[in-house]
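Residue numbers (UniProt numbering): 1 to 435. We put the beta carbon where it would ideally sit given N, CA and C, even for glycine.
Laid out in structure tokens, this is it:
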């Protein structure tokens with residue numbers, strides 16, 4: 001097959017490393033891999049290259065969403081998640097994956113049964129899709145955040161789209177081994193409740209330190225990092241003592257906790273848009289101690305201000321932040337659009353635009369351990385590229401579907417509005433090879 005070379009010409013290029021933007025930029029891509037990047041004056045473009053005019057755009061790396069659930073679920077009703085038809089959920093999960101693609105998300109870490117199968121299909125070229133770091137189902141205790149408590153345990157264990165139930169160190173160790181057998185790249189554990197009913201509040205710790213250490217030790221033996229859903233202070237500290245790699249949500253932090261995260265290199269995935277956006281439209285805020293001292297006229301307002309304050313305390317202390325949408329339901333947290341909303345929310349909550357861009361790209365790649373192949377527009381990496389009609393350093397509005405001009409992963413072009421084409425039809429040969 002003949003070598004294919006493309007030269008993308010753009011007004012500005014921001015490479016995702018935190019380096020200064022490059023004006024009048026050109027990005028040279030050879031068979032889906034970046035082979036040159038710089039100004040048009042300094043880069044020698046091969047004579048056989050096809051030139052793509054993106055002069056009115058800003059090029060950034062494809063977005064990385066560290067927290068998705070491709071379960072194919074539609075509603076916010078956790079009972080429905082378990083009893084919905086498996087085949088319907090499988091079909092819907094491909095639609096959810098496609099929504100991520102057209103919103104500029106080129107890499108995800110996914111917690112679901114379907115994600116394992118979707119990863120295989122994408123890697124084999126049978127489906128177009130983002131690079132998937134697949135956890136498989138996460139680990140919940142009986143009666144925990146991953147348990148539909150009003151259904152039979154056997155049904156939940158068999159059919160929950162993104163959870164397995166395990167109690168005690170030995171069951172947890174066996175479950176980690178089962179996940180490894182299924183092909184998981186990382187292990188998710190719900191260390192606290194999530195507030196979906198009154199017996200699994202966000203403030204409830206669901207695994208003790210021995211159980212948390214069991215999952216981390218077992219996962220480390222096969223090189224799998226552990227990500228922990230943690231929404232209470234005590235559970236968060238136990239997760240850090242156990243050695244988790246990333247902390248999901250982390251709404252309740254103190255100085256000791258933040259110092260531990262920074263010093264241990266733990267990545268914080270705050271899922272801000274979820275808690276500052278739709279979550280409390282469906283579920284009440286938890287009864288946290290000291291919540292009355294926060295700003296706001298209602299308990300929801302106080303909880304949102306507390307979440308924002310914890311995020312800013314974490315990032316300003318030097319904790320590495322990465323983007324995660326926690327998209328779990330097409331109805332409640334839409335796929336793709338919620339990823340864009342997360343980046344905008346980080347900026348609107350106080351994060352500098354360049355830091356937010358790095359959080360959405362290179363930091364995510366590092367958290368997912370794929371920074372050798374993606375996360376920045378640098379030579380040798382996959383051509384995972386997002387072209388925006390607005391400069392994201394000038395306005396958070398740049399992270400909007402309407403401003404996406406081109407989305408590319410390797411040789412696959414998913415969106416190209418320069419020629420009026422917004423998306424390649426499913427199965428078309430032009431999807432190309434993945435890198």
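Can you grab the Cα-Cα spacing for the pair residue 434 / residue 300, in whole Å? Residue mapping note: residue 434 aligns to position 434 of the chain shown, counting from 1. Residue mapping note: residue 300 aligns to position 300 of the chain shown, counting from 1. For residue 434, the predicted structure reports a pLDDT of 44, less than 50, and the residue's modelled location is therefore unreliable. A value from the coordinates is still provided. Their Cα atoms are separated by approximately 44 Å.
Starting from the N-terminal side, write out each stretch of the beta strand (DSSP E) that is 3 residues or longer and does not extend beyond the region 127 to 206. Complete beta strand (DSSP E) runs here, min 3: 131 to 134, 138 to 140, 163 to 165, 187 to 190.
Using the C-alpha atoms, what's the distance from residue 2 back to residue 352? Here residue 352 corresponds to residue number 352 of the chain shown, with the count starting at 1. Here residue 2 corresponds to residue number 2 of the chain shown, with the count starting at 1. For residue 352 and residue 2, the distance between alpha carbons rounds to 43 Å.
Go ahead and pull the three-state DSSP assignment for residue 417. Within the chain shown, numbered from 1, the residue matching residue 417 stands at position 417. Look at residue 417 here: in three-state DSSP terms it is coil, with no helix or strand label.
Would residue 226 be called buried (16 or more neighbouring beta carbons within 10 Å of its own) or exposed? To locate residue 226, count along the chain shown from 1; it is residue 226. Under the 10 Å beta carbon count, residue 226 is surrounded by 16 or more other beta carbons and is classified as buried.
Compare the C-alpha of residue 381 against each of 248, 32, 23 and name the closest. Mapped onto the chain shown, residue 381 falls at position 381. Distance from the Cα of residue 381 is smallest, within the candidate group 248, 32, 23, for 32.
Residues in its own chain within less than 7 Å of residue 329 by CB, not counting five upstream and five downstream? Counting from one through the chain shown, the residue named residue 329 turns up at place 329. Taken in chain order, the residues that qualify are 73, 74, 75, 76.
Nearest residue (CA-CA) to residue 47, options 23, 277, 4: The sequence position of residue 47 within the chain shown is 47, counting from 1. Comparing Cα-Cα distances from residue 47 to each of 23, 277, 4, the minimum goes to 4.
Taking residue 62 as the reference, give the member of 400, 376, 304 with the closest Cα. If you number the chain shown from 1, residue 62 lands on position 62. Comparing Cα positions, the closest option is 376.
Suppose only complete runs of 4+ residues qualify. What are the alpha helix (DSSP H) ranges in the region 79 to 122, listed by chain order? Complete alpha helix (DSSP H) runs here, min 4: 86 to 102.
Considering only the beta carbon of each residue, do residue 286 and residue 248 sit closer than 9 Å? Indexing the chain shown from 1 puts residue 286 at position 286. Indexing the chain shown from 1 puts residue 248 at position 248. Going by C-beta atoms, residue 286 is not nearer than 9 Å to residue 248.
Beta-carbon proximity of residue 242 to residue 209, cut-off 9 Å: Within the chain shown, residue 242 is the residue found at index 242, counting from 1. Within the chain shown, residue 209 is the residue found at index 209, counting from 1. Result yes, Cβ atoms of residue 242 and residue 209 sit closer than 9 Å.
Of all the options 110, 182, 205, 115, which has the alpha carbon lying nearest to the alpha carbon of residue 145? Taking the chain shown and counting its residues from 1, the one referred to as residue 145 is at position 145. Closest option to residue 145, Cα to Cα, is 205.
Cα-Cα separation, residue 143 to residue 321: Here residue 143 refers to the residue found at position 143 when the chain shown is read from its first residue. Here residue 321 refers to the residue found at position 321 when the chain shown is read from its first residue. Going by C-alpha positions, residue 143 is about 30 Å away from residue 321.
Closer than 7 Å by C-beta to residue 333: which residues in its own chain qualify, once you throw out the five before and the five after it? Chain order, please. Taking the first residue of the chain shown as 1, we reach residue 333 at position 333. Excluding residues within five positions, the ones whose Cβ falls inside 7 Å are 274, 278, 325, 326, 327.
Nearest-angstrom Cα distance between residue 121 and residue 186? If you number the chain shown from 1, residue 121 lands on position 121. If you number the chain shown from 1, residue 186 lands on position 186. Approximately 19 Å, taken between the alpha carbons.
What residue from 91, 66, 183, 67 has the CA that sits closest to residue 119's CA? The residue you call residue 119 lines up with position 119 of the chain shown. The candidate whose alpha carbon is nearest that of residue 119 is 183.
Nearest-angstrom Cα distance between residue 37 and residue 390? Here residue 37 refers to the residue found at position 37 of the chain shown. Here residue 390 refers to the residue found at position 390 of the chain shown. In this structure, the straight-line span from the alpha carbon of residue 37 to that of residue 390 is close to 20 Å.
Where the alpha helix (DSSP H) through residue 312 begins and ends: Here residue 312 corresponds to residue number 312 of the chain shown, with the count starting at 1. First-last of the alpha helix (DSSP H) with residue 312: 299 to 316.
In whole angstroms, what separates the C-alpha of residue 410 from that of residue 79? For the purposes of this step, residue 410 is taken as residue 410 along the chain shown, with counting starting at 1. For the purposes of this step, residue 79 is taken as residue 79 along the chain shown, with counting starting at 1. Approximately 39 Å between the Cα atoms of the pair.
May I have the straight-line CA-CA distance separating residue 261 from residue 217, to the nearest angstrom? If you number the chain shown from 1, residue 261 lands on position 261. If you number the chain shown from 1, residue 217 lands on position 217. Note on geometry: alpha-carbon atoms of residue 261 and residue 217 lie some 18 Å from one another.
Residue from 15, 219, 239, 101 with nearest C-alpha to residue 340: As a first step, residue 340 must be located in the chain shown, where it is residue number 340. Here the closest residue by C-alpha is 101.
Is residue 343 closer than 9 Å to residue 59 when the C-beta atoms are compared? Against the chain shown, residue 59 aligns to sequence position 59. Against the chain shown, residue 343 aligns to sequence position 343. By the CB criterion at 9 Å, residue 59 and residue 343 fall outside the cutoff.
From the DSSP output, in three-state form, read off residue 391 for me. As a position in the chain shown, residue 391 is number 391, starting the count at 1. DSSP, reduced to helix, strand and coil, places residue 391 outside both helices and strands of the structure shown, so it counts as coil.
Under a three-way DSSP split, which group does residue 353 fall into? To locate residue 353, count along the chain shown from 1; it is residue 353. Per DSSP, reduced to three states, the secondary structure at residue 353 is helical.
Mind checking whether residue 270 and residue 250 have CB atoms under 9 Å apart? As a first step, residue 270 must be located in the chain shown, where it is residue number 270. As a first step, residue 250 must be located in the chain shown, where it is residue number 250. Yes, these two residues count as a Cβ contact at 9 Å.
Reduced DSSP category for residue 425 - H, G, I as helix; E, B as strand; rest coil: Start at 1 with the first residue of the chain shown, and residue 425 comes out as number 425. For residue 425, the pLDDT reaches just 40, beneath the cut-off of 50, and the residue's location in the model is therefore unreliable, leaving the point undetermined.
In the structure shown, what three-state DSSP assignment does residue 369 receive? Your numbering for residue 369 matches position 369 in the chain shown. Under the three-state reduction of DSSP output, residue 369 falls in the coil class, being neither helix nor strand.
Could you tell me which of 304, 98, 189, 408 sits nearest to residue 374, measuring between CA atoms? As a first step, residue 374 must be located in the chain shown, where it is residue number 374. Among 304, 98, 189, 408, the Cα nearest to that of residue 374 is on 408.
How is the alpha helix (DSSP H) around residue 235 delimited, first residue to last? Taking the chain shown and counting its residues from 1, one reaches residue 235 at position 235. Start and end: 233 to 242.
Alpha carbon of residue 295 to alpha carbon of residue 316, nearest angstrom: Numbered from its first residue, the chain shown carries residue 295 at position 295. Numbered from its first residue, the chain shown carries residue 316 at position 316. Their Cα atoms are separated by approximately 20 Å.
Bridge partners for residue 50 per DSSP, in chain order? Start at 1 with the first residue of the chain shown, and residue 50 comes out as number 50. According to DSSP, which records beta bridges pairwise, residue 50 is partnered with 6.
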